[in-house]
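I have placed the structure first, in the form of structure tokens, so that the comments after it can refer back to it.
There are 2 protein chains.
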Amino acid sequence: MELADAIRKRRSIRRFKQLQVPEKLIHTLIDAARMAPCAGNMQILRFVSVTEKSLVLSVFHETFWAAQVKPHRTPVAEVTAPVAFIAVVAPDDASAILHADAGAAIQNILLCAADNVLGSCWIGAFNKDKVDALLDLPAGMKVLYLVALGFPYESPVMENIEEGDSTKYYLDDKDVLHVPKYTVEALTTWK
Amino acid sequence: MELADAIRKRRSIRRFKQLQVPEKLIHTLIDAARMAPCAGNMQILRFVSVTEKSLVLSVFHETFWAAQVKPHRTPVAEVTAPVAFIAVVAPDDASAILHADAGAAIQNILLCAADNVLGSCWIGAFNKDKVDALLDLPAGMKVLYLVALGFPYESPVMENIEEGDSTKYYLDDKDVLHVPKYTVEALTTWK
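Chains as they are written, first to last, in the working numbering: chain A, 1 to 191; chain B, 1 to 191.
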């Protein structure tokens, strides 16, 4: 897919088909993640690919979803839930800059997922200690973010908004998720 | 350009041709940035496009570059320096999660730059108070990161390394910058 299409078409997906994601495809996503830039090229982040069914389910039960349209975009286990996760792992004392590194690496994962007809959702809200324990992380490491994965079972749409408009996403009467995004003009000063 | 090519070919650029970057192209980059996901879809980040020559130079003088190969990849004003910047702006009390949002938005900018034959370098090291003052930011806002822009005047190369190898980037005897990146195998646990 053309880069511009991947950037435009990628949306967070919260309803997934119950089809397995091949580990080879997750390898492709992490290959994209590792090529993102990072502070001082230090490459402190690590990744855990989770595809084993019962572990995916256990991790899923510790995640929180789309507060603004609750419960309509809270996936249901074995019906619309993600079928895999990538956990982005960092040292306990992760700096703000390491969060920025994670953002860049995750964006590559999300774009690469869209390019492979895969749905994804970047998750920051989860029971941290429980997920760390489930993934049996080495001492001194923690899960910074999760990326939920699966083939998409919804098609959210983006719409443009201007300065002052609400950024709240919403479901229409056909159960389509609308995601308002500020225009370039609303966000930018030119000097 | 295909997404996979943009991800693979994008490298941080620190030597730029002294050709102007059209404001229209910067609009395209910020259009990519705004489409990145962000926590709660809140869209707190703002952007300042800097193309006015004397302001670009003033901002450039407050930036720090590539410590590991200093001074060989410290651009020289009016010779190899960037010709534009995008400043990513946030509230003074920016959370770690907002840094992650910035990382995702910046990654879209960097990929979109590569797609438009433009070089870019994400900069986290700069004199923060001075750059804030130069850009005349509204009260309570600060520059979180800078992205330096210009048409590239170098061609860095990526190479694969295994666990335990040094991540230090280096110049070879032909003045080509080499950027070591861990393989997927070195970074990933499979569960």
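By construction, the Cβ of each residue, glycine as well, lies at the ideal position given by its N, Cα and C atoms.
What do you get for residue i, buried or exposed, if any count of 16 or more other CB atoms within 10 angstroms of its CB means buried?
{"i": "Glu52/A", "result": "exposed"}
{"i": "Trp65/A", "result": "buried"}
{"i": "Ser155/A", "result": "exposed"}
{"i": "Asn160/B", "result": "exposed"}
{"i": "Trp190/B", "result": "exposed"}
{"i": "Pro152/B", "result": "buried"}
{"i": "Asp31/B", "result": "buried"}
{"i": "Tyr170/A", "result": "exposed"}
{"i": "Lys181/B", "result": "buried"}
{"i": "Ser54/A", "result": "exposed"}
{"i": "Glu23/B", "result": "exposed"}
{"i": "Val76/A", "result": "exposed"}
{"i": "Val147/B", "result": "buried"}
{"i": "Asp101/A", "result": "buried"}
{"i": "Ala67/B", "result": "exposed"}
{"i": "Val143/B", "result": "buried"}
{"i": "Val199/B", "result": "For residue 199/B there is no data in the structure shown, the boundaries of chain B being 1 and 191."}
{"i": "Glu78/B", "result": "exposed"}
{"i": "Val48/B", "result": "buried"}
{"i": "Glu62/B", "result": "buried"}
Can you name the start and end residues of the beta strand (DSSP E) that residue i belongs to?
{"i": "Thr189/A", "result": "188–190"}
{"i": "Ile7/B", "result": "Segment 3–9 is the alpha helix (DSSP H) holding Ile7/B; no beta strand (DSSP E) there."}
{"i": "Glu195/A", "result": "It is not possible to answer for residue 195/A, since the shown part of chain A is limited to 1 through 191."}
{"i": "Leu177/B", "result": "177–182"}
{"i": "Phe64/A", "result": "No beta strand (DSSP E) contains Phe64/A, which DSSP labels as neither H nor E."}
{"i": "Val48/B", "result": "46–50"}
Relative to the C-alpha of residue i, which candidate in the options has its C-alpha closest?
{"i": "Glu2/B", "options": "Lys70/B, Arg15/B, Ala114/B, Arg11/B", "result": "Ala114/B"}
{"i": "Pro82/B", "options": "Phe47/B, Lys17/B, Leu25/B", "result": "Lys17/B"}
{"i": "Pro71/B", "options": "Gly150/B, Met35/B, Leu177/B", "result": "Leu177/B"}
{"i": "Gln20/A", "options": "Gly40/A, Arg46/A, Arg8/A, Ala84/A", "result": "Ala84/A"}
{"i": "Thr74/B", "options": "Ala87/B, Ala100/B, Cys121/B, Ala104/B", "result": "Cys121/B"}
{"i": "Leu57/A", "options": "Thr188/A, Lys130/A, Leu187/A", "result": "Lys130/A"}
{"i": "Ala36/A", "options": "Cys112/B, Ala102/B, Ile7/B", "result": "Ile7/B"}
{"i": "Ala195/B", "options": "Leu137/B, Asp5/B, Leu111/B", "result": "Residue 195/B is absent from the model: chain B starts at 1 and stops at 191."}
{"i": "Glu163/B", "options": "Thr28/A, Val184/A, Gln43/A", "result": "Gln43/A"}
{"i": "Gly140/B", "options": "Ile123/B, Asn116/B, Leu45/B", "result": "Leu45/B"}
{"i": "Ile106/B", "options": "Ile26/B, Leu187/B, Asn127/B", "result": "Ile26/B"}
{"i": "Leu187/B", "options": "Asp175/B, Val179/B, Ile123/B, Asp165/B", "result": "Asp165/B"}
{"i": "Ala33/B", "options": "Thr63/A, Ala104/A, Arg34/A", "result": "Ala104/A"}
{"i": "Val59/B", "options": "Asp175/B, Leu134/B, Ala94/B, Leu29/B", "result": "Leu134/B"}
{"i": "Gly124/B", "options": "Gly124/A, Leu149/A, Leu98/A, Asp132/A", "result": "Leu98/A"}
{"i": "Ala39/A", "options": "Glu62/B, Ser12/B, Ala39/B, Cys38/B", "result": "Ser12/B"}
{"i": "Ser158/B", "options": "Val179/B, Leu149/B, Asp173/B, Asp172/B", "result": "Residue 158/B is actually Met in this sequence, not Ser. Looking at the Cα atoms, Val179/B is the closest of the given residues."}
{"i": "Thr167/B", "options": "Asp175/B, Asp132/B, Thr183/B", "result": "Thr183/B"}
{"i": "Asn41/A", "options": "Asp172/B, Val69/B, Glu185/B", "result": "Val69/B"}
{"i": "Gly150/A", "options": "Ser95/A, Asn116/A, Asp175/A, Ala96/A", "result": "Asn116/A"}
{"i": "Ala4/B", "options": "Cys112/B, Pro91/B, Asp172/B, Val50/B", "result": "Cys112/B"}
{"i": "Leu110/B", "options": "Tyr145/B, Ser95/B, Lys128/B", "result": "Tyr145/B"}
Quick check on the DSSP output: the alpha helix (DSSP H) that includes residue i runs from which residue to which?
{"i": "Ile26/B", "result": "23–34"}
{"i": "Val56/A", "result": "53–60"}
Under 8 Å (Cβ pairs) to chain A, residues found in the region 54–79 of chain B: Within the region 54–79 of chain B, the qualifying residues are Leu55, Ala67, Gln68.
Length-filtered (3 minimum) beta strand (DSSP E) runs lying within the region 72–140 of chain A: Within the region 72–140 of chain A, the complete beta strand (DSSP E) runs of at least 3 residues fall at 84–91, 119–123.
Interface positions of the region 105–117 of chain B facing chain A (Cβ-Cβ less than 9 Å), listed along the chain: Within the region 105–117 of chain B, contact with chain A at the beta-carbon level (separation under 9 Å) is assigned to Ala105, Ile106, Gln107, Asn108, Leu110, Leu111, Cys112, Ala114, Asp115.
Residues from the region 142–153 of chain B in contact with chain A, defined by Cβ distance under 9 Å: Going along the region 142–153 of chain B in chain order, one finds Leu144, Tyr145 with a Cβ nearer than 9 Å to chain A.
Proximal residues, the region 155–166 of chain A versus chain B, C-beta separation under 8 Å: If the cut-off is 8 Å between Cβ atoms, the region 155–166 of chain A has Met158 near chain B.
Against chain A, which members of the region 34–48 of chain B pass a CB distance test of less than 8 Å? Hits within the stretch, in order: Arg34, Met35, Ala36, Pro37, Ala39, Gly40, Asn41, Met42, Gln43, Leu45, Arg46, Phe47, Val48.
Check each residue of the region 9–32 of chain B: if its Cβ is closer than 9 Å to any Cβ of chain A, include it; give the result in chain order. Residues Arg10, Arg11, Ser12, Glu23, Ile26, His27, Thr28, Ile30, Asp31, Ala32.
Interfacial residues, the region 77–99 of chain A to chain B, with Cβ spacing under 7 Å: For the region 77–99 of chain A, the set of residues with a beta-carbon nearer than 7 Å to any beta-carbon of chain B comprises Ala96, Ile97, His99, in chain order.
Short of 7 Å Cβ to Cβ, which residues in the region 169–181 of chain B face chain A? So the list reads Tyr169, Val179, Lys181, given in the order they occur along the chain.
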